[in-house]
């Protein structure tokens, strides 16, 4: 189900985020809204998404992941800037 786990784990840990935290935000927080990433055109046939959400511990993270068929790959996760939060809020309000 996940074909780049070791690469992603190393990359995500560079931002002081654990794989478990990133996974919680994307796949366990029911309030998150996935958005198609602007760089999507560079990565077919994978569909790349991003979202901002909270871990079970209350930490806010921006997480990027991709999906192709049933394969899900975490790409990166980090604490979002105020600018990214504003963009996310604007885009998710449009999609509701």
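In my numbering, the protein residues as written are 1129 to 1224. Note that beta-carbon positions come from the ideal geometry of N, C-alpha and C, so glycine has one too.
What separation, rounded to the nearest whole angstrom, lies between the Cα atoms of residue 1204 and residue 1178?
Against the chain shown, residue 1204 aligns to sequence position 76. Against the chain shown, residue 1178 aligns to sequence position 50. For residue 1204 and residue 1178, the distance between alpha carbons rounds to 9 Å.
Which residue comes first and which comes last in the alpha helix (DSSP H) that contains residue 1110?
Nothing in the structure corresponds to residue 1110, since the chain is present only between 1129 and 1224.
Beta-carbon separation (whole angstroms), residue 1194 vs residue 1176, contact threshold 8 Å:
For the purposes of this step, residue 1194 is taken as residue 66 along the chain shown, with counting starting at 1. For the purposes of this step, residue 1176 is taken as residue 48 along the chain shown, with counting starting at 1. Indeed, because the Cβ distance is near 4 Å, the residues count as touching under 8 Å.
Taking Cβ to Cβ, would you say residue 1136 is nearer than 8 Å to residue 1202?
Numbered from 1 along the chain shown, position 8 holds the residue referred to as residue 1136. Numbered from 1 along the chain shown, position 74 holds the residue referred to as residue 1202. Contact: yes.
Taking the C-alpha atoms as reference points, what is the distance between residue 1160 and residue 1218?
Taking the first residue of the chain shown as position 1, residue 1160 is located at position 32. Taking the first residue of the chain shown as position 1, residue 1218 is located at position 90. When rounded, the distance between both Cα atoms is 14 Å.
Out of 1181, 1185 and 1187, state which residue places its alpha-carbon closest to the alpha-carbon of residue 1220.
Here residue 1220 refers to the residue found at position 92 of the chain shown. Residue 1181 is the option with its Cα nearest to residue 1220.
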